[in-house]
Amino acid sequence: MDGGLCIWDLRSQQHVLKYSKHSDYVSGLTVSEKQQALLAVSGDGTLSVHDLRSRKPLARSEDDADDELISVAVVKNGKKVVCGSQSGVLAIWSWGYWNDCSDSSDDEGRGSSSRQRKKKREKTAMSKGRGKTSKAGNFFADLL
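Sequential numbering from 1401 applies to the sequence shown in the numbering used here.
See below:
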């Protein structure tokens, strides 16, 4: 199922959520515990949000993305979502406004933002091309 999400209940061995709206591979996932939502990013450049309680998709960003999204993190106590792209651009969404990102930062074009992970108090680390890491929390603090 290329571009699809499928969440399985291991007890019943059946899927509880199946969603296939992405047109390319799913490259990153994260869960917002506060919002009880699963967020996914795809090689087609879209971000999708799924309600884990109702098991239904809530939203999907616009299709006209110029770049593959490859990582996703929820920051600012659930108020912002940051997605890393293949070209190194960080796209920032405000929670609930999913059509298009509200801001972005290109990190001076120094490689892809292939992985993000939350570190300590609202700091986000981002691994980049050629094995380098930057502190994304410091990098785009003014944007958040």
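Cβ atoms here follow ideal geometry from the backbone N, Cα and C, with glycine treated the same way.
Kindly indicate the opening and closing residues of the beta strand (DSSP E) around residue i.
i            : result
residue 1459 : 1456-1460
residue 1422 : Residue 1422 -> no beta strand (DSSP E), and no H or E assigned at all.
residue 1484 : 1480-1485
residue 1473 : 1469-1475
residue 1489 : Segment: none, residue 1489 is in no beta strand (DSSP E) and carries neither H nor E.
residue 1505 : 1503-1505
Residues bridged to residue i by DSSP?
i            : result
residue 1408 : 1415
residue 1430 : 1439
residue 1448 : 1440, 1460
Please say whether residue j and residue i have beta carbons closer to each other than 8 Å?
i            : j            : result
residue 1428 : residue 1470 : yes
residue 1547 : residue 1417 : Residue 1547 is absent from the model: the chain starts at 1401 and stops at 1544.
residue 1493 : residue 1481 : yes
residue 1449 : residue 1467 : no
residue 1472 : residue 1447 : yes
residue 1402 : residue 1419 : no
residue 1499 : residue 1461 : yes
residue 1457 : residue 1421 : yes
Using CA coordinates, which residue listed in the options is at the minimum distance from residue i?
i            : options                : result
residue 1445 : 1492, 1485, 1505       : 1485
residue 1479 : 1402, 1437, 1413       : 1437
residue 1496 : 1432, 1465, 1414, 1408 : 1432
residue 1423 : 1501, 1503, 1483, 1465 : 1465
residue 1455 : 1501, 1504, 1408       : 1408
Any heavy atom of the ligand FMN inside 7 Å of the beta-carbon of residue i?
i            : result
residue 1418 : This structure simply doesn't include the ligand FMN, nor any ligand for that matter.
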